[in-house]
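Structure first, commentary second.
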């Protein structure tokens, strides 16, 4: 950690801080420059309260040197992690596609979709039973009934199932039916939920919050891992920017950069990342080319009648074509689909 | 609702949409322009699924005319709402100041703060018992022990207490001790929490999410009100932008504009809105001048030792001076403190 | 155009607006709904002043139906445009790579780079002679001397040259040496520059401003085309968002969406779009997979010694490898390199 | 400057960097921590190329300690600067209001406005003669004819005149008529313009770019001052964020923070900062309460007929009322109007 003092600060202020750091077991090294004094701190700064130091008299700013997360950091675990979801391995050579409707609506819809996406090459079935909706008058999902239908579709196809869990009290129920639990973007910083998912051992799909930095995403993952569950897959699903022409701005820079910082697998959601059906295919390909370990795509037998996210959902036929196109891109970057 | 068709769309696509609208009980009026056909829809469009319509063949875009919220809209309730928090009225002529530490730390800290801020003119005591923290290794609050200390500080001073509730299962516990329940920025779209707070009757302080539009904030409030609890106070606490020099960007435009759209009171949090102690006073005054019904300010007897948010917390003496300065600004805009 | 009146507005206000619209040659159709009156306007709304209408008494909002640009719109020109830069065709089946240093530094540097990128498969040489720099104490470019060196490198290799022009008075000078004139992101809304580039006939590379919407980018292109120069290539180079871990957020959604809206070619700049050398390759591939017509990449013989943008510049060897990898991705999306 | 090395970097890489720093006349101090080596650099780091260092082998990141600007920094000039605009002093106890139409349209309009705003208490007349417009088909201003009308309005009222200059070649012409030259938000990083304004001695009103950080704004001011013109007034006019309900997000945090960093005066433009007529008054008051040295307000005799910015322009009567309200707020913060 580096502590920059305000210009021309009296020596006693520097000494107070040095005193405080020594008491905390650190080894402070003051460096007296022409304009400013800087205190370099040797030791594991993560045990210090940066804000307290920053608010001390005479301090201009505090610059941490170490990263605030440990378990999810690539420094602590240089190899890529591979997460096993009921036999499907995410993070290895094979890129994994999760596909299915935004909301589970009825048995016919979900089973038809499951059969079709499986045939096209998808490895995991997605579908929402509990739906976080911006408006209180929107369709909120079939809840446990929806989970049962997802389980039926899994039985019919063998595809593992991923679905969202919205609060701690439903973790047990959702884990009974699903193979992977999804944390939605709006819940990425719901720390009680993250902590309880850490105690559950099922794999977790952690979607990036719509205004989260990479550091915050990795700290959210750290909550889960530090509480006992190392099976976390990250998901880039678009961030909120000034661009109003798309629902979100898909931030693919995140893929190669977070892969440098962390060993966790990362998938890309081009459906939420664009919000526009005609862009889903291009951005799915771009996600794979950027190095993602997989994709999550919203697919529906009759997109025009979907009860949620209709305008970013593609049809079964469209998905089939997309999978063929993706195969070529996947190979071009040295992987398989 | 206005439906804009793609350029030169065949008449049968227009008719399909007109058919669908009629079935839903609407009165569609097609207008054939030179380049495009537009369908104006008369009727309460809120019962339609905009995304489904937008995803129909031939449709370029759908533009809603009505607002998606009802109860919180000023159109449905032209007078300002006044929310009563254990006798303190928010939304009337008097601007209300809520003050206290970020986290409750011990009895001495919270009672000393309560006495001091009361003397300086604050009307409500704030203090965090459950703390949402970005990092899993940060101090997470005293939990129920903290609630008890808040209740003690209330008994000692008579100040009503506001504190955050982080998930549905704690609502009953927090409501036992607190006079007003706070929804933090990270939870503004935690819909289960909002719904259950609607069933509880205690006043709710709803903080704006850090990437929420005004519409989303009002829809979050609508969740609470539509579920039975009209006692909602909104809070502007800064949004996330590209500006890295401050913790958040305090969006004071929100105050006068949301006051046009809604009858709910609005307060401003200059502590989170800046993240920098030396800016709190200026932005508190700016908030009042912009028309806010009150403020929420982080105050601590020894800011340098605060266990959270140290660098945006002001001292008891600083708060006292600020209240004097605020008095003049409040009067200048025709209100009182 | 659709004009939404405020709730329960008196009929005479509606009539005033109808009167005004008729005088302007429009055909207004008032639609009286339950809560609101809406006026649909038939005719070419682009001749109306939307802000004036929006500011009239009784108007809540004005929603345009037509797009504000014409020449660059795909509606007016359904086929892809192909722009010829001294024999290199941008916008066709072949994806075009522009490569070279951020700044031209000396003859050896630019000629060595030109030879090497040509051999690796680049089609156009880039290099800055006039450099817009955030700080007044940074290296500002070699100016005309740099242009002469670029011309030498073209003579040595046959590669056409693209370089930035920063203000109208230098257009003639830059056009004397360069084959394509670049408008930098900071100048995307320098309307005098755009207008004068419209009068010049050399192809223009128009970089998106760092906080520009797609509409603003297309309007900037419209300035050039409407003034007589149809040879415009657009460039996505990253936008400014809250993400501080990368220099910019590369917005690849822009590629497929702007291709729907416009017939102009689009290239992607992964160097500025990331600001980080190790991400350039991944995002170059992602750009091609998203459908870009080409790339612009910063390359330098000794990146560590580059006088500007050192940390996003790749070496000649790195570029060579990247071109091989790009070849596979280009083919996977049905194009060639 | 602090250089953080990658984890477990070999000693020879550290030595290479130390060597390079010594050659540049710096005094490097390596600190060997448990996980990482950090090199603290004593000396004026502003002569080093941060990007070059950051791109060297083994370096993780470079953290500058000193600010990149000198002349505009409060450290180099602790007292507030007071800028004299033809006798009107900006930056002192008196808050200064600049008012007038977005565009100069005709003699009657500008003279009527000038008389009225002067009577209401404005100190400087604003009006656009050269207009940067997003669309090529919008009204672009009366150009020199508009400048002449501004000069007439000054002669009629004695109010100094501020107007925008859009490119270097017009500086001489605009300076002939105007008392203060405005750099628009879109030109804040037009470095040729800034440099030439530095050589001109007329006071400059520098508007913040819509996606500029505080550092970039101060560096833009540094360009002007470093080239010889110390008479710069900064202007907060709103930034671009995800909030679509207002034209811009007025970032009032900027006022108290940039006042800490710099000695230059700062004014606030609530017209562009909101884009909505009914919000201008509230945000003007908020700007003054935040500590601004003045305001810039768009005023027009008939706002509904204004040729540009109609929906954010207030009427002469509205301006008169606003000035009365502002008087109270100005006094409440210890200043005068």
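Chains as they are written, first to last, in our numbering: chain D, 650 to 986; chain W, 650 to 986; chain B, 650 to 986; chain E, 650 to 986. For glycine and all other residues, C-beta sits at the position ideal for the given N, C-alpha and C.
(request) For residue 988 of chain B, count neighbouring Cβ atoms within 10 angstroms of its own Cβ and tell me buried if that reaches 16, exposed if not. (result) Residue 988 of chain B is absent from the structure shown; chain B starts at 650 and stops at 986.
(request) Report yes if the C-beta distance between residue 812 of chain E and residue 799 of chain E is below 7 Å; otherwise report no. (result) Numbered from 1 along the fourth chain, position 163 holds the residue referred to as residue 812 of chain E. Numbered from 1 along the fourth chain, position 150 holds the residue referred to as residue 799 of chain E. Yes, the pair counts as a contact, with Cβ atoms nearer than the cut-off.
(message) Using only CA atoms, which one of B:978, B:959, B:973, B:981 lies nearest to residue 788 of chain B?
(response) Residue mapping note: residue 788 of chain B aligns to position 139 of the third chain, counting from 1. Comparing Cα positions, the closest option is B:959.
(request) Could you name the residues of the segment 931 to 957 of chain W whose beta carbon sits closer than 8 Å to any beta carbon of chain E, in the order they occur along the chain? (result) For the segment 931 to 957 of chain W, which is checked against every Cβ of chain E, the residues closer than 8 Å are 931, 932, 934, 935, 936, 937, 938, 939, 940.
(message) Per the DSSP calculation, residue 779 of chain D is bridged to which residue(s)?
(response) Residue 779 of chain D sits at position 130 when you count from the first residue of the first chain. Note: residue 779 of chain D sits in no beta bridge, so no partner.
(request) With a threshold of 16 other CB atoms inside 10 Å of the CB of residue 850 of chain W, please say whether the residue is buried or exposed. (result) Position 201 of the second chain, counted from the start, is the residue given in the question as residue 850 of chain W. Using a 10 angstroms sphere on the CB of residue 850 of chain W, the tally of other CB atoms stays under 16, which defines it as exposed.
(request) Assign residue 696 of chain D to one of two classes, buried (16 or more other C-beta atoms within 10 Å of its C-beta) or exposed (fewer than that). (result) Mapped onto the first chain, residue 696 of chain D falls at position 47. In the assembly as shown, residue 696 of chain D is an exposed residue. Its beta-carbon has fewer than 16 other beta-carbons within 10 Å.
(request) Have a look at D:729, D:682, D:667 and flag the residue whose alpha-carbon is nearest the alpha-carbon of residue 675 of chain D. (result) Taking the first residue of the first chain as position 1, residue 675 of chain D is located at position 26. Of the candidates D:729, D:682, D:667, the residue whose Cα lies closest to the Cα of residue 675 of chain D is D:667.
(message) Need the endpoints of the beta strand (DSSP E) that residue 676 of chain W sits in, please.
(response) Numbered from 1 along the second chain, position 27 holds the residue referred to as residue 676 of chain W. Segment 676 to 681, the beta strand (DSSP E) holding residue 676 of chain W.
(request) Determine the chain E residues that contact residue 720 of chain W at a beta-carbon separation under 7 Å, and present them in chain order. (result) Start at 1 with the first residue of the second chain, and residue 720 of chain W comes out as number 71. Within chain E, no residue comes near residue 720 of chain W; the closest Cβ sits about 19 Å away, beyond 7 Å.
(message) Rounded to whole angstroms, what is the Cα-Cα separation between residue 742 of chain D and residue 862 of chain E?
(response) Position 93 of the first chain, counted from the start, is the residue given in the question as residue 742 of chain D. Position 213 of the fourth chain, counted from the start, is the residue given in the question as residue 862 of chain E. So the two alpha carbons sit approximately 42 Å from each other.
(message) Quick check on residue 923 of chain B - is its C-beta less than 7 Å from some C-beta in chain D?
(response) Here residue 923 of chain B corresponds to residue number 274 of the third chain, with the count starting at 1. Output row for residue 923 of chain B: interface = yes.
(message) What does DSSP give as the partner residue(s) for residue 798 of chain D in the beta ladder?
(response) As a working mapping, residue 798 of chain D is identified with position 149 in the first chain. According to the DSSP secondary-structure assignment, residue 798 of chain D is paired through a beta bridge with no residue.
(request) With DSSP as the reference, label residue 701 of chain B as helix, strand or coil. (result) Mapped onto the third chain, residue 701 of chain B falls at position 52. Helix, per DSSP.
(message) Helix, strand or coil for residue 822 of chain B? Go by DSSP, reduced to three states.
(response) Residue numbering aside, residue 822 of chain B sits at position 173 when the third chain is read from its first letter. In the structure shown, residue 822 of chain B sits in a helix (DSSP, three-state: H, G or I).
(request) Just tell me which of B:985, B:961, B:974, B:978 has its CA closest to the CA of residue 704 of chain E. (result) Stepping through the fourth chain from its first residue, residue 704 of chain E is reached at position 55. Closest by alpha carbon: B:961.
(message) I need the boundaries of the alpha helix (DSSP H) containing residue 844 of chain D, first residue and last residue.
(response) Within the first chain, the letter at position 195 stands for residue 844 of chain D. Element bounds for residue 844 of chain D: 840 to 848.
(request) Quick one: grab the DSSP three-state call for residue 932 of chain B. (result) As a first step, residue 932 of chain B must be located in the third chain, where it is residue number 283. Assignment of residue 932 of chain B by DSSP, reduced to helix, strand and coil, places it in the helix class.
(message) I need the boundaries of the beta strand (DSSP E) containing residue 946 of chain B, first residue and last residue.
(response) Residue 946 of chain B sits at position 297 when you count from the first residue of the third chain. Its beta strand (DSSP E) spans residues 943 to 947.
(message) Please identify, using Cβ separations under 7 Å, the residues of the segment 890 to 901 of chain D that lie next to chain B, in order along the chain.
(response) So the list reads 890, 891, 892, 893, 894, 895, 898, 899, 900, 901, given in the order they occur along the chain.
(message) Can you tell me whether residue 715 of chain E is helix, strand or coil according to DSSP?
(response) Mapped onto the fourth chain, residue 715 of chain E falls at position 66. Of the three classes helix, strand and coil, the one that applies to residue 715 of chain E here is coil, per DSSP.
(message) Cβ closer than 7 Å: which chain E residues qualify as neighbours of residue 717 of chain B?
(response) Position 68 of the third chain, counting from 1, holds the residue named residue 717 of chain B. Simply 784.
(request) Name the two residues that bound the continuous beta strand (DSSP E) containing residue 854 of chain B. (result) For the purposes of this step, residue 854 of chain B is taken as the residue at position 205 of the third chain. Note, residue 854 of chain B: beta strand (DSSP E), 853 to 856.
(request) For residue 863 of chain W, return the contacting residues in chain E, with the cut-off set at a CB-CB distance below 8 Å. (result) Residue 863 of chain W sits at position 214 when you count from the first residue of the second chain. Result: 892, 894.
(request) Report all residues from its chain with a CB closer than 8 Å to the CB of residue 877 of chain W; omit the five preceding and five following residues, and keep chain order. (result) Numbered from 1 along the second chain, position 228 holds the residue referred to as residue 877 of chain W. 847, 848, 850.
(request) Evaluate the contact criterion for the segment 699 to 713 of chain E versus the segment 659 to 666 of chain E: three or more CB pairs, one atom per stretch, below 8 Å. (result) Contact between the segment 699 to 713 of chain E and the segment 659 to 666 of chain E is present, because at least three Cβ pairs lie under 8 Å.
(request) May I ask you to report which of helix, strand or coil DSSP gives residue 752 of chain B? (result) The residue labelled residue 752 of chain B in the question sits at position 103 within the third chain. The three-state secondary structure of residue 752 of chain B, taken from DSSP, is strand.
(request) State whether the segment 709 to 724 of chain D contacts the segment 902 to 918 of chain D, with contact taken as three or more CB pairs (one from each stretch) at a distance under 8 Å. (result) Contact between the segment 709 to 724 of chain D and the segment 902 to 918 of chain D is present, with at least three C-beta pairs closer than 8 Å.
(request) In angstroms with no decimal places, state the Cα-to-Cα distance between residue 803 of chain E and residue 773 of chain E. (result) The residue labelled residue 803 of chain E in the question sits at position 154 within the fourth chain. The residue labelled residue 773 of chain E in the question sits at position 124 within the fourth chain. If you take the alpha carbons of residue 803 of chain E and residue 773 of chain E, they lie about 9 Å apart.
(message) Am I right that residue 946 of chain E and residue 760 of chain E are in contact with their C-beta atoms under 8 Å? What's the rounded C-beta distance?
(response) As a position in the fourth chain, residue 946 of chain E is number 297, starting the count at 1. As a position in the fourth chain, residue 760 of chain E is number 111, starting the count at 1. Between residue 946 of chain E and residue 760 of chain E the beta-carbon gap is near 18 Å, outside 8 Å, which marks them as no contact.
(message) When you compare the CB of residue 689 of chain D with every CB in chain E, is at least one pair closer than 7 Å?
(response) Within the first chain, residue 689 of chain D is the residue found at index 40, counting from 1. It does: the Cβ of residue 689 of chain D has a partner Cβ on chain E nearer than 7 Å.
(request) Could you tell me the distance, in whole angstroms, from the CA atom of residue 868 of chain B to the CA atom of residue 718 of chain B? (result) In the third chain, counting from the first residue as 1, residue 868 of chain B sits at position 219. In the third chain, counting from the first residue as 1, residue 718 of chain B sits at position 69. Taking the straight line joining both Cα atoms gives about 6 Å.
(message) Is the separation between the beta-carbon of residue 824 of chain W and that of residue 969 of chain W shorter than 7 Å?
(response) If you number the second chain from 1, residue 824 of chain W lands on position 175. If you number the second chain from 1, residue 969 of chain W lands on position 320. Remark: C-beta atoms of residue 824 of chain W and residue 969 of chain W do not approach each other more closely than 7 Å.
(message) For residue 881 of chain E and residue 844 of chain B, what's the separation of their Cα atoms in angstroms?
(response) Locating residue 881 of chain E in the fourth chain gives position 232, counting from the first residue. Locating residue 844 of chain B in the third chain gives position 195, counting from the first residue. Between residue 881 of chain E and residue 844 of chain B, the C-alpha separation is close to 29 Å.
(message) Could you compute how far the alpha carbon of residue 954 of chain D sits from the alpha carbon of residue 837 of chain B?
(response) Residue numbering aside, residue 954 of chain D sits at position 305 when the first chain is read from its first letter. Residue numbering aside, residue 837 of chain B sits at position 188 when the third chain is read from its first letter. Taking the straight line joining both Cα atoms gives about 41 Å.
(message) For a quick check, are the C-beta atoms of residue 914 of chain W and residue 942 of chain W less than 7 Å apart?
(response) Residue mapping note: residue 914 of chain W aligns to position 265 of the second chain, counting from 1. Residue mapping note: residue 942 of chain W aligns to position 293 of the second chain, counting from 1. Less than 7 Å divides the Cβ of residue 914 of chain W from the Cβ of residue 942 of chain W.
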